[in-house]
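At position 256 of the sequence shown the residue is numbered 255 (numbering that gives the first Met the number 0), and the sequence of numbers has no breaks. Yeah, the Cβ is synthetic: ideal placement off N, Cα and C, and Gly gets one too.
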Amino acid sequence: MGPACLASQTHQSQKNYSHFHFSLSLSPSKMSAASKIRESPNTKNRYEKMISNLRQDDGWKPVGKLYEYQGFWYGPSLVQNVISAQESFTPQPTDVVLCSSPKSGTAWLKALAFSIVSRNQVNDSTNPLLKKLPHEIVPFLEIELAQDSNNRNLETPFVATHIPYSSLPRSILDSSCKIIYICRDPKDVLISHWNFDQQVSGIGSESFPLEEALEQYCKGIYPFGPYWDHVLGFWKASLEFPEKVLFVKYEDLKTDGPFHVKRMAKFMGHPFSTEEEQQGAPEKIVSMCSFENLSRLEVNKNGNYYLPDLPAFENKSFFRKGKAGDWKNYLTDGKAVKFNQIMEEKFSGSGLF
Numbered sequence: 000m001g002p003a004c005l006a007s008q009t010h011q012s013q014k015n016y017s018h019f020h021f022s023l024s025l026s027p028s029k030m031s032a033a034s035k036i037r038e039s040p041n042t043k044n045r046y047e048k049m050i051s052n053l054r055q056d057d058g059w060k061p062v063g064k065l066y067e068y069q070g071f072w073y074g075p076s077l078v079q080n081v082i083s084a085q086e087s088f089t090p091q092p093t094d095v096v097l098c099s100s101p102k103s104g105t106a107w108l109k110a111l112a113f114s115i116v117s118r119n120q121v122n123d124s125t126n127p128l129l130k131k132l133p134h135e136i137v138p139f140l141e142i143e144l145a146q147d148s149n150n151r152n153l154e155t156p157f158v159a160t161h162i163p164y165s166s167l168p169r170s171i172l173d174s175s176c177k178i179i180y181i182c183r184d185p186k187d188v189l190i191s192h193w194n195f196d197q198q199v200s201g202i203g204s205e206s207f208p209l210e211e212a213l214e215q216y217c218k219g220i221y222p223f224g225p226y227w228d229h230v231l232g233f234w235k236a237s238l239e240f241p242e243k244v245l246f247v248k249y250e251d252l253k254t255d256g257p258f259h260v261k262r263m264a265k266f267m268g269h270p271f272s273t274e275e276e277q278q279g280a281p282e283k284i285v286s287m288c289s290f291e292n293l294s295r296l297e298v299n300k301n302g303n304y305y306l307p308d309l310p311a312f313e314n315k316s317f318f319r320k321g322k323a324g325d326w327k328n329y330l331t332d333g334k335a336v337k338f339n340q341i342m343e344e345k346f347s348g349s350g351l352f
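If you want it as structure tokens, here you go:
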């Protein structure tokens, strides 16, 4: 699905966007047999009853109706997927779970983590990132793996998710799996999310102006929101269980990528040797996974990302700017001050922002 067809295919585009993992308001009738929840009539009735009793909101227009489950907001079928994952997902003992709030650097984290662990198995010409979008390499728990834990390449020890810490399957929390969480300036997350949603849904700024998005965001009512609860859940876990949860900031990766790549490598049990560091291996990974490099690859300029029974997503839609501080081009000083006041209150005492 390209930008040229968004205006003429708004309804279909909304279905496309709704199915996608970033905002996931999946339509059960559009899910394939492979991805649809394998549920008995009793299970289906249980889900429907649960969802019908949840608090609802339709203020985030690109997605439509959202439901509040365990303190966070999801589309109706995503609630089912989260519950299914909570009840049945079985991780591999060596899995690393890559976690994030939407539009916080998910694809970047996937590319970096994969390149760190696979650096001795691939080279500059055989790295799968040259031919695949990071989302194709590392599957999402709440999409590909929600009903089938083995629906992936088990030789790639990664699972990704936007599910908040408090709602992660106990099988992950009680296992030897490690978790890496990437956090980003909430103002940049808002702007990136709003831009992405407009592009993919076909709902433009006239129908969903930034002011409305800002209001919903500050109320915490948008896909996988509230942002502050999402971030704080992983932040507190990283302080309590530093051997299990690593917390990384998007802006820190931008400022000193090699240092934080080495942190990630050590945390995942794949530290760089002295020789590798002398040869610049961390720097090479940072360069390979940079926004500038990934966005220029042919696969990410002209390739497509496919989900069952849906129009293709253009890979380039995942590569907008990749900058820290882009919010300054959208939020007036007055709006930024108000936004900061709300975020300071929400994050008060955490030491994060």
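Have a look at residue i and residue j and give me their C-alpha separation to the nearest angstrom.
i	j	result
residue 241	residue 142	28 angstroms
residue 335	residue 151	42 angstroms
residue 228	residue 276	37 angstroms
residue 325	residue 262	26 angstroms
residue 219	residue 126	38 angstroms
residue 59	residue 72	11 angstroms
residue 233	residue 101	14 angstroms
residue 42	residue 118	43 angstroms
residue 120	residue 320	30 angstroms
residue 122	residue 197	37 angstroms
residue 199	residue 301	16 angstroms
residue 204	residue 270	46 angstroms
residue 140	residue 106	15 angstroms
residue 124	residue 341	47 angstroms
residue 195	residue 338	20 angstroms
residue 292	residue 46	43 angstroms
residue 344	residue 216	14 angstroms
residue 136	residue 246	22 angstroms
residue 173	residue 332	45 angstroms
residue 282	residue 268	19 angstroms
residue 260	residue 298	24 angstroms
Are the CB atoms of residue i and residue j nearer to each other than 8 angstroms?
i	j	result
residue 94	residue 158	yes
residue 190	residue 329	yes
residue 162	residue 81	yes
residue 236	residue 164	yes
residue 160	residue 98	yes
residue 280	residue 179	no
residue 77	residue 67	no
residue 175	residue 92	yes
residue 231	residue 349	yes
residue 264	residue 50	no
residue 208	residue 85	no
residue 55	residue 65	yes
residue 148	residue 88	yes
residue 290	residue 317	no
Residue i: buried (16+ other C-beta within 10 angstroms of its C-beta) or exposed?
i	result
residue 248	buried
residue 256	buried
residue 273	exposed
residue 177	buried
residue 311	exposed
residue 225	buried
residue 144	buried
residue 313	buried
residue 104	buried
residue 109	buried
residue 48	exposed
residue 74	buried
residue 187	buried
residue 206	exposed
residue 44	exposed
If you measure from the CB of residue i, is any heavy atom of the ligand ADP nearer than 7 angstroms?
i	result
residue 352	Only the bare structure without any ligand can be found here, which leaves the ligand ADP out of the picture.
The segment 120-136 touching the segment 205-218, judged by at least three CB pairs closer than 8 angstroms: no
Within the segment 107-192, ranges of the alpha helix (DSSP H) (whole runs, at least 4 residues): 133-136 and 169-172
Residue ranges of each alpha helix (DSSP H) within the segment 42-87, 4 or longer: 75-87
Length at least 4, wholly inside the segment 195-282: the alpha helix (DSSP H) runs in chain order: 209-218, 226-239, 249-254, 256-266 and 273-277
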